[in-house]
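>
Number of protein chains: 2
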Amino acid sequence: MRTISKQEENAMEAVKWGVVGTGHIAGNFAECMTYVSGARKTAVTGTSIGKARDFATRHGFDMSFSDFGEMLETARPDVVYIAVPNHLHFKLVMAALDAGVNVLCEKPMADNAFQLERMIAKAREQGVFLMEGMWTRFFPAVEKACEWINAGAIGRVRSVRAAFGLKAAPDWQMWKASAAASAGALRDVGVYSLAMAFLGFHETPESIASVYSLKNGADSHSELMLRYSGGRAAFLTGSFEIVTDSRAVFYGDDGLIILGDKFWCPNRAKLYAYDDADILSTTLTETLEDPYLSHGFQYEIAHVMECVLHGRKESSLYPLEESLKSVRLTDSLRKEWGVRYPSDV
Amino acid sequence: MRTISKQEENAMEAVKWGVVGTGHIAGNFAECMTYVSGARKTAVTGTSIGKARDFATRHGFDMSFSDFGEMLETARPDVVYIAVPNHLHFKLVMAALDAGVNVLCEKPMADNAFQLERMIAKAREQGVFLMEGMWTRFFPAVEKACEWINAGAIGRVRSVRAAFGLKAAPDWQMWKASAAASAGALRDVGVYSLAMAFLGFHETPESIASVYSLKNGADSHSELMLRYSGGRAAFLTGSFEIVTDSRAVFYGDDGLIILGDKFWCPNRAKLYAYDDADILSTTLTETLEDPYLSHGFQYEIAHVMECVLHGRKESSLYPLEESLKSVRLTDSLRKEWGVRYPSDV
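First to last, the protein sequences are chains F and V. Count along the first sequence from 1, then add 665; that gives the number in this note's numbering. Count along the second sequence from 1, then add 665; that gives the number in this note's numbering.
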């Protein structure tokens, strides 16, 4: 059972968090703050003061607001966590940066590269921390997989498979499937699959082949093959229409890594070597088990707090360049598919 | 435990088999003949009379030959099974057809579409049975999967995943990796993955994206994305360089099918429905378990014998059109990759 160690606890000073949004993900995030010492539940902003107060009561926040600017001024948080529908991110991120406040914004942080470039320029101008909430990157199982990959434990990476597919009921979180909310399956769940490809292959793919289905102007299902030089590839899926195997696999010349059960918030990483004695077999050589508490946001929360406390302007684990790589790729796919957002230029 | 039933046994008259080849696969095939009543081990042809005699003794064949024509004339088999390196298939198949003998030839039966079209024309001219040995098609688990797919048990098929990857030791069956023997990973193992795509999608793909690695003029690794209309796709692998998950998966609009443990000779088919109560869950609704005896060639053997006894000219389960579809696709990929065989025109 992974908890923050005594040593880490001592090192962790208090950081005042302001949460924006009172939905499902904001609630999970707030719950996980409980497991990070020094994470102060300072303030929450909701679409109404009633919703904000309910959330504050439920999760133990000190102050409630229905106006974001007022929260920034009154509560003076060290960092804000933005967890609202996609198309509302830009305005809130820019407002926080303008106020000189550090920002962690849910993925996908920006609707398009145009927005993201403006956010990054603003963060640099203001000298504050900005990060997209790709929480996956901070799970110990993912860190272990990266460590194995970078140490050459599976040799050269040849193939990455990651599929995040769910079967949405007709009434399931409608905004996530709507172009009006700058959403769709690729940017809601497919970006996690993309993040796996980026862990396996650091360069830009040579080309991308895709199939997709659209519903109400946004993609509800897509599958991608990212092609890299030297016979390397990634098979990726982001879907609201099929329930896929939730493990990600990295095949290398010498072995493979499996991240699971759910690769986007994995509790396990396994390293296998190809078996010399049998052309079809593999041997488990190392396992990391991490039956973490609650939802697992604590790893991201602790990382952001460490960055903020050290005055860093971006994360070394999930730098802004990584966000740019992702949004440029989703921009080009959306263009190909004809998925346009109101904020597209 | 699946065995041939009493009823089937009564129906099965004797069929005289002539086996060509004394290697690993021919041996497995001979072993499986034991489990099909009426399958007479009439004759075997080897590259030398010594090898043929050893094989005949080991597997209980009546006659041994080092000359194929002599076997046809002397032993008068009802059907020959050809299990020799790829580049030798054409000459032997044509000789058997010329002699008016029914033919089952190991996959890949022909080096290219040009050869296959000539084989098919010859078989029709002679009025004899011809089939490529895609043994996978005859396993009860595969038949069950086809039945589910065709009955709409998973709704419209959206995605197929099939990877046949093994890690070849440097000294592993060299001819299988050589262009001189009309071989390579795509045609040795990748064709099984292709066969899964063909079970899921009956039409020709709109386009194919691929990555590949070459060794000594033949492909040693490739991954393919077959794109079909309406956002449908197949992710396929054929490799001598990575050991992949050996299960094939068919995702549909309403559920999924898993074929395993090894999808090319599966002992199990499982049908799952997407779970209404949880967007990420599935419920197992039906399983076929088939812990078959020996290597599993008995299903193909029994099918071919039934065809021969009924005077059929081709299999309804694996018709020659299916072989043409496969070889046309591998022809076009080889052309793209620059993998040329001596017999290519």
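C-beta: ideal position from N, C-alpha, C; glycine also.
Just list the beta strand (DSSP E) runs in the stretch 732 to 816 of chain V, keeping only unbroken ones of 3 residues or longer that don't cross its boundaries, in chain order.
Whole beta strand (DSSP E) segments, 3+ residues: 744 to 747, 767 to 771, 795 to 798.
> Against Glu703(V), what residues of chain F qualify as contacts under a CB-to-CB distance less than 8 angstroms, listed in chain order?
Numbered from 1 along the second sequence, position 38 holds the residue referred to as residue 703(V). Here the sequence assigns Gly to residue 703(V), which means Glu is not the residue at that position. Those within 8 angstroms of Gly703(V) in chain F number zero; the least Cβ separation is about 33 angstroms.
> Kindly list, in the order they appear in chain V, the residues whose Cβ is closer than 8 angstroms to that of Gly792(F).
One-based indexing of the first sequence puts residue 792(F) at position 127. The contacting residues do not exist; Gly792(F) stays about 41 angstroms from chain V at best.
> With a threshold of 7 angstroms between beta carbons, is His689(F) in contact with chain V?
Here residue 689(F) is taken as the residue at index 24 of the first sequence, counted from 1. His689(F) does not count as touching chain V.
> Can a CB atom of chain F be found closer than 7 angstroms to the CB of His867(V)?
Here the question's residue 867(V) lines up with position 202 in the second sequence. No, His867(V) does not count as interfacial toward chain F.
> Ala761(V) touches chain F at which residues, Cβ-Cβ below 9 angstroms?
Mapped onto the second sequence, residue 761(V) falls at position 96. What Ala761(V) touches in chain F: nothing, since even the nearest Cβ is about 31 angstroms away.
> Please classify Ile714(F) as buried or exposed, where buried requires at least 16 other C-beta atoms within 10 Å of its C-beta.
Counting from 1 along the first sequence, the entry for residue 714(F) is found at position 49. The residue in question, Ile714(F), is exposed, as its Cβ has fewer than 16 Cβ neighbours within 10 Å.
> Please report the distance separating the alpha-carbon of Val745(V) from that of Ala760(V).
Reading the second sequence from its first residue, position 80 is the one you call residue 745(V). Reading the second sequence from its first residue, position 95 is the one you call residue 760(V). Rounded to the nearest angstrom, the two C-alpha atoms are 11 angstroms apart.
> Taking only beta-carbon positions, decide if Lys772(F) is within less than 7 angstroms of chain V.
In the first sequence, residue 772(F) corresponds to position 107, counting from 1. Closer than 7 angstroms: no.
> Could you check how far apart the C-beta atoms of Phe733(V) and Val825(V) are, in whole angstroms? I think they sit under 8 angstroms.
What you label residue 733(V) is simply residue 68 of the second sequence in a count that begins at 1. What you label residue 825(V) is simply residue 160 of the second sequence in a count that begins at 1. Not confirmed; about 38 angstroms, so no contact.
> Using a Cβ cut-off of 7 angstroms (strictly closer), state whether Tyr916(V) contacts chain F.
Translated into the one-based positions of the second sequence, residue 916(V) becomes position 251. At least one chain F Cβ lies under 7 angstroms of Tyr916(V).
> Comparing the C-beta of Thr950(V) with each C-beta of chain F, is any distance below 7 angstroms?
Taking the second sequence and counting its residues from 1, the one referred to as residue 950(V) is at position 285. False, the Cβ-Cβ gap to chain F never drops below 7 angstroms.
> Glu678(F) bridges to which residues according to DSSP?
For the purposes of this step, residue 678(F) is taken as residue 13 along the first sequence, with counting starting at 1. For Glu678(F), which the question treats as bridged, DSSP gives no partner whatsoever.
> Please go through the same chain and pick out, in chain order, the residues whose beta-carbon is closer than 6 angstroms to the beta-carbon of Lys681(F), but skip the five residues on each side of it.
Along the first sequence, read from residue 1 onward, the residue named residue 681(F) stands at position 16. Cβ within range, chain order: Arg705, Thr707, Pro742, Asp743.
> Grouping DSSP H, G and I as helix and E and B as strand, with all else coil, what is Thr995(V)?
Residue 995(V) sits at position 330 when you count from the first residue of the second sequence. Helix at Thr995(V).
> Would you mind telling me which residues of chain V sit closer than 8 angstroms to Met861(F), beta carbon to beta carbon, in chain order?
As a position in the first sequence, residue 861(F) is number 196, starting the count at 1. Within 8 angstroms Cβ-Cβ: nothing; Met861(F) doesn't reach chain V, min ~14 angstroms.
> What did DSSP end up calling Leu921(V) once you bin it into helix, strand or coil?
The residue you call residue 921(V) lines up with position 256 of the second sequence. It is a strand residue.
> Within 7 angstroms of any Cβ in chain V, is that where the Cβ of Thr947(F) sits?
As a first step, residue 947(F) must be located in the first sequence, where it is residue number 282. Cβ-Cβ to chain V under 7 angstroms: yes for Thr947(F).
> Taking all protein chains shown into account, decide if Gly817(F) is buried (16 or more other Cβ within 10 angstroms of its Cβ) or exposed.
The residue labelled residue 817(F) in the question sits at position 152 within the first sequence. Exposed, by the Cβ-count rule.
> Leu831(V) CB to nearest chain F CB: under 7 angstroms?
Translated into positions along the second sequence, residue 831(V) becomes position 166. Interface residue, yes.
> Report the rounded CA-to-CA distance for Lys832(V) versus Thr947(F), giving the unit in angstroms.
In the second sequence, counting from the first residue as 1, residue 832(V) sits at position 167. In the first sequence, counting from the first residue as 1, residue 947(F) sits at position 282. Approximately 10 angstroms between the Cα atoms of the pair.
> For Ser670(V) and chain F, any beta-carbon pair shorter than 7 angstroms?
In the second sequence, the residue the question calls residue 670(V) occupies position 5. In this predicted model, Ser670(V) has a pLDDT of only 47, less than 50, meaning its place in the structure is not dependable; the value taken from the coordinates is given anyway. So, not an interface residue.
> Comparing the C-beta of Phe730(F) with each C-beta of chain V, is any distance below 7 angstroms?
Walking along the first sequence from the start, residue 730(F) turns up at place 65. Phe730(F) does not count as touching chain V.
> Using a Cβ-Cβ cut-off of 7 angstroms, state whether His886(F) counts as contacting chain V.
For the purposes of this step, residue 886(F) is taken as the residue at position 221 of the first sequence. Yes, because at least one Cβ of chain V sits closer than 7 angstroms to the Cβ of His886(F).
> Which chain F residues sit within Cβ distance under 8 angstroms of Phe900(V)?
Here residue 900(V) refers to the residue found at position 235 of the second sequence. Near Phe900(V) (Cβ distances below 8 angstroms), the residues of chain F are Arg826, Glu888, Met890, Phe900.
> Residues of chain F with CB under 9 angstroms from Trp800(V), in chain order?
In the second sequence, counting from the first residue as 1, residue 800(V) sits at position 135. Going along chain F, no residue has its Cβ under 9 angstroms from Trp800(V), so there is no contact; the nearest lies around 17 angstroms.
> Counting pairs of beta carbons, one from the stretch 781 to 789 of chain V and one from the stretch 860 to 867 of chain V, are three or more of them closer than 8 angstroms?
The stretch 781 to 789 of chain V is not in contact with the stretch 860 to 867 of chain V.
> Which residues mark the beginning and the end of the beta strand (DSSP E) in which Val841(F) is found?
Residue mapping note: residue 841(F) aligns to position 176 of the first sequence, counting from 1. The residue you asked about is not Val; residue 841(F) is Lys in the sequence shown. Segment: none, Lys841(F) is in no beta strand (DSSP E) and carries neither H nor E.
> For Gly683(F) and Glu790(F), I'd like the C-alpha separation in whole angstroms.
Position 18 of the first sequence, counting from 1, holds the residue named residue 683(F). Position 125 of the first sequence, counting from 1, holds the residue named residue 790(F). Answer to the nearest angstrom: the Cα atoms are 22 angstroms apart.
> Determine the burial state of Leu985(F): buried for a count of at least 16 other Cβ atoms within 10 Å of its Cβ, exposed for fewer.
As a working mapping, residue 985(F) is identified with position 320 in the first sequence. Classification for Leu985(F): buried.
> Starting from the C-beta of Gly688(F), find all residues in its chain whose C-beta is less than 8 angstroms away, skip the five residues before and the five after it, and write them out in chain order.
Along the first sequence, read from residue 1 onward, the residue named residue 688(F) stands at position 23. Excluding sequence neighbours, Gly688(F) sits near Ala748, Val749.
> Is the beta carbon of Gly725(V) sitting closer than 7 angstroms to the one on Leu769(V)?
Residue numbering aside, residue 725(V) sits at position 60 when the second sequence is read from its first letter. Residue numbering aside, residue 769(V) sits at position 104 when the second sequence is read from its first letter. Cβ distance not < 7 angstroms, so Gly725(V) and Leu769(V) don't count as in contact.
> Hey, how far is the Cα of Tyr700(V) from the Cα of Val969(V)?
Here residue 700(V) refers to the residue found at position 35 when the second sequence is read from its first residue. Here residue 969(V) refers to the residue found at position 304 when the second sequence is read from its first residue. Roughly 14 angstroms separates the two Cα atoms.
> Tell me which residues share the same chain as Pro870(F) and place their Cβ nearer than 7 angstroms to its Cβ, disregarding the 5 neighbours each side in the sequence.
Working through the first sequence from its first residue, we reach residue 870(F) at position 205. Contacts found: Leu891, Arg892, Tyr893.
> Can you round the beta-carbon distance between Tyr631(V) and Asp776(V) to whole angstroms, since I take them to be within the 8 angstroms contact cut?
The first residue shown for chain V is 666 and the last is 1010, placing residue 631(V) beyond what the model contains.
> Run through chain F and tell me which residues come within less than 8 angstroms of Asp910(V), C-beta to C-beta.
As a first step, residue 910(V) is located in the second sequence; it is residue number 245 there, counting from the start. What Asp910(V) touches in chain F: Val914.
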